[in-house]
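Chemist: Mapped onto UniProt numbering, the consecutive letters of the sequence shown carry residue numbers 1 to 172.
We put the CB at the ideal spot given by N, CA and C, even for glycine.
First, the structure itself, so that you have it in front of you.
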Amino acid sequence: PAVVMKRIRERFINHPDFQPAVIKNVSSACEGLCKWVRAMEVYDRVAKVVAPKRERLREAEGLLDIQMQKLNTKRAELKTLMDRLQALNDEFEEMNNRKKELEDNIEICSQKLIRAEKLISGLGGEKERWTEAARLLGIRYTDLTGDTLLSSGTVAYLGAFTVDYRLQCQQK
């Protein structure tokens, strides 16, 4: 206690005969007791200096714990945000790849469209020719029955005559 330590300081510590070397001459047991009392006095002085520092250390450690909790919370938030950012970057890259695929597809389709237009314009003249050929085939199809009838009759009735006589009959 503080009262005992005050009394020890007043009565013994500053006394010239209360030195371990002096007391050793009187009693070796008292020498150990003297050393112990002096050590307790030094410990008390040091404890009085260290006690406020220990209290400040406890307060600082408490503040450190609070700040570390805040830091860990912020780190967790940062990790969440970094994960979200990575997910968005991955999605962005995927969408850019999709965009490139679509642009390439548009380019291919444009080239096909240009080739189709060239083909159609190249075949535009063919349309007239095919239309005329179809019209002529239609006329020939219509005349086919009559031509067949005439050819059959010519072969059947004029087959026995000479070539010159057959040509005369056909021209009439």
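Along the chain, where does the alpha helix (DSSP H) that runs through D83 open and close?
Modeler: Residues S28 to L158.
Chemist: For the stretch 8 to 23 against the stretch 31 to 38, are there 3 or more C-beta pairs whose distance is under 8 Å?
Modeler: They touch, by the three-pair rule.
Chemist: Residue range of the alpha helix (DSSP H) that D164 falls in?
Modeler: Here the alpha helix (DSSP H) through D164 covers V163 to Q171.
Chemist: Can the beta-carbon of Q170 be found less than 8 Å from the beta-carbon of T148?
Modeler: No, these two residues do not count as a Cβ contact at 8 Å.
Chemist: Under three-state DSSP, which class holds F12?
Modeler: Helix, per DSSP.
Chemist: Can you tell me which of the three DSSP states P1 falls into?
Modeler: Coil, per DSSP.
Chemist: Given that a residue counts as buried once 16 or more other Cβ atoms are within 10 Å of its Cβ, and exposed if not, what is C34?
Modeler: C34 comes out buried.
Chemist: What's the gap between the Cα of I114 and the Cα of I120?
Modeler: So the alpha carbons of these two residues sit roughly 10 Å apart.
Chemist: Check whether the stretch 44 to 54 and the stretch 65 to 72 are in contact - that is, three or more C-beta pairs closer than 8 Å.
Modeler: Touching, no.
Chemist: Roughly how many whole angstroms lie between the Cα atoms of E77 and N89?
Modeler: Those two C-alpha atoms are separated by around 18 Å.
Chemist: By how many angstroms is the C-alpha of E91 removed from the C-alpha of D104?
Modeler: Those two C-alpha atoms are separated by around 20 Å.
Chemist: Can you list, in chain order, the residues of its chain whose CB lies under 7 Å from that of I159, leaving out five sequence neighbours each side?
Modeler: For the sequence presented, residue 159 should be read as Gly rather than Ile. Answer for G159: no residue qualifies.
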